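There are 2 protein chains.
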Amino acid sequence: MRKRIPEATIRRLTHYLRCIEFIKETGAEILQSRDLATFCSISDSLVRRDLSYFGEFGTKGVGYSISELEKHIKKILGIDRTKKVGLAGVGNIGRALLNFPLLKNGFSIEAAFDIRDELIGKKINGVMVYHENDMIKVFKEKQLEMGIIAVPQQAALDVANKMIEGGAKGLLSFALIQCPLKKKVPLRYIEIAAELEILSYEIEKEE
Amino acid sequence: MRKRIPEATIRRLTHYLRCIEFIKETGAEILQSRDLATFCSISDSLVRRDLSYFGEFGTKGVGYSISELEKHIKKILGIDRTKKVGLAGVGNIGRALLNFPLLKNGFSIEAAFDIRDELIGKKINGVMVYHENDMIKVFKEKQLEMGIIAVPQQAALDVANKMIEGGAKGLLSFALIQCPLKKKVPLRYIEIAAELEILSYEIEKEE
DNA sequence: TTTTACATGTGAAATTTATCACTTACAAGA
DNA sequence: TCTTGTAAGTGATAAATTTCACATGTAAAA
Chain A
0 MRKRIPEATI
10 RRLTHYLRCI
20 EFIKETGAEI
30 LQSRDLATFC
40 SISDSLVRRD
50 LSYFGEFGTK
60 GVGYSISELE
70 KHIKKILGID
80 RTKKVGLAGV
90 GNIGRALLNF
100 PLLKNGFSIE
110 AAFDIRDELI
120 GKKINGVMVY
130 HENDMIKVFK
140 EKQLEMGIIA
150 VPQQAALDVA
160 NKMIEGGAKG
170 LLSFALIQCP
180 LKKKVPLRYI
190 EIAAELEILS
200 YEIEKEE
Chain B
0 MRKRIPEATI
10 RRLTHYLRCI
20 EFIKETGAEI
30 LQSRDLATFC
40 SISDSLVRRD
50 LSYFGEFGTK
60 GVGYSISELE
70 KHIKKILGID
80 RTKKVGLAGV
90 GNIGRALLNF
100 PLLKNGFSIE
110 AAFDIRDELI
120 GKKINGVMVY
130 HENDMIKVFK
140 EKQLEMGIIA
150 VPQQAALDVA
160 NKMIEGGAKG
170 LLSFALIQCP
180 LKKKVPLRYI
190 EIAAELEILS
200 YEIEKEE
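Residue numbers (numbering that gives the first Met the number 0), protein chains in the order written: chain A, 0 to 206; chain B, 0 to 206.
Structure follows, in structure tokens:
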């Protein structure tokens, strides 16, 4: 029934959410497709098209209720309830994530994992660090739905498979994983090197 | 003369580079569009189309010389020579970047910046930490071309403008910047929250 | 030297995504 | 109650991107 949704649309939904969070501060209650469009540097018709994939959230002649729209977008993104996350790797990136207020975005890191003895059993920012050997068990017990992988490259595949075996339904990784995984689940990457390379291209292009 | 290049093409070039780095290990010297396609889970014709935007790098009936192709892609991305980078913010993310072997990718962090007195003047992983007040001066002196912003949100705009004033031609930021910047330069983001949200959407969609 | 096999590079077609332009419905004011 | 202004929602259109399919050129084998 539902048409295929462009990935670009989903990415823009996250921008709309950032915009809404920002505008909410001002105390406004109504917002128009133009406002979102301006904030995101796109056309207002694209904003309306993006939202129309999922329903009719606005009022003709008026606009969108900010609080309603926020709820709808969160529902679409599946963050209308908090999602429980497990984090592998308590190095610098892992610690940065533990310090980041992800809860505001609908994610809660419920457990962290590492292999360094001096870290196991400690709490960092209120989050207990377990040994990676216990990952499957802890994922199951705590019913963690998502995994964030912030371990060195060579450990990434093993960690990913453990998370999946523990029941993770999606993974976000900072390290490239040499597939295939035990089971196919949504897998996304944050590749800092790639972003720098794209930026480098854009710089060269300007000249 | 040159047609507009899709951003998706540029992103795929970075994947091709990862693939090449991987295949090089095996000692192979020739590679075909199909190999890259399989690695990246796309069609071989798309690989050839992507490359053809920039020239004819292959040999009909044979394939691509791995070392030649690597050189060409690095040239396209502007990383045929090492680019000098300045890093603002020596928190967890900043330290992670300092530990990351970016040099392998053609980037060298030549200076770091922070506002915490206990860090100023120290070296982390061989990189000197300066005070953010000296950013413009150091960027100019060291001729840094790119800036990575890993400071808290509220400091990001100020840092970005200083980098630009110091001569940075492109910025990569982990914090959302409330534009406008002093001068328009290529600006990219790494948004961890957005990636988690997209992942969450994909998980919900599966069900 | 000629033939054969094969992967590239590329017009043309198909598909996907974004924009345009108009219809519809709501709200506020007369 | 009726009129008017306005912004959402949406078919139709345009633009961008990907795929198809084949001509082209190279290398290796006969």
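We treat Cβ as the ideally placed atom computed from N, Cα and C, and that holds for glycine.
Please read these numbers as outputs of a predicted model, since none were measured by experiment.
- Under a criterion of Cβ atoms nearer than 9 angstroms, the residues of chain B adjacent to residue 76(A) are, in order, 196, 197, 199, 200 and 203.
- Listed as beta-bridge partners of residue 58(B) by DSSP are 62(B).
- Using a Cβ-Cβ cut-off of 7 angstroms, residue 183(A) does not count as an interface residue toward chain B, since no Cβ of chain B sits closer than that to its own.
- One Cα belongs to residue 120(B), the other to residue 131(A), and the distance between them is close to 37 angstroms.
- The beta carbon of residue 90(A) lies closer than 7 angstroms to those of 149 in the same chain, with the five residues before and after it left out.
- Counting the other Cβ atoms within 10 Å of the Cβ of residue 98(A) gives fewer than 16, which makes it exposed.
- Residue-level contact by beta carbon holds for residue 82(B) and chain A, with a gap shorter than 7 angstroms.
- Closest option to residue 3(B), judged by alpha-carbon separation, among 80(B), 10(B) and 52(B): 52(B).
- Against chain B, a Cβ distance below 8 angstroms from residue 145(A) picks out 195, 198, 199 and 202.
- The C-beta separation of residue 135(A) from residue 161(A) comes to about 5 angstroms, placing the pair in contact by the 8 angstroms criterion.
- Annotation: residue 45(A) to residue 62(A) spans about 15 angstroms, alpha carbon to alpha carbon.
- By the C-beta density criterion, residue 77(B) is buried, having at least 16 other C-beta atoms within 10 angstroms.
- One alpha carbon belongs to residue 196(B), the other to residue 188(A), and they sit about 13 angstroms apart.
- Residue 21(A) counts as exposed, since fewer than 16 other beta carbons sit within 10 angstroms of its beta carbon.
- The Cβ atoms of residue 137(A) and residue 111(A) lie no closer than 7 angstroms to each other.
- Rounded to the nearest whole angstrom, the CA to CA distance from residue 49(A) to residue 7(B) is 20 angstroms.
- Listed as beta-bridge partners of residue 187(A) by DSSP are 171(A).
- The Cβ-Cβ distance between residue 126(A) and residue 147(A) does not fall below 7 angstroms.
- 4, 6, 9, 10, 12, 13, 14 and 16: these are the residues of the segment 2-16 of chain A whose beta carbon lies less than 9 angstroms from some beta carbon of chain B, given in chain order.
- By the rule that beta-carbons nearer than 7 angstroms mark a contact, residue 94(B) touches chain A.
- According to the DSSP assignment, residue 93(B) belongs to the alpha helix (DSSP H) that extends over 91-98.
- Contact of residue 169(B) with chain A is assigned, a C-beta pair being separated by under 7 angstroms.
- Annotated three-state conformation of residue 122(B) is strand, per DSSP.
- In the DSSP assignment, residue 102(B) falls outside any beta strand (DSSP E) and carries neither an H nor an E.
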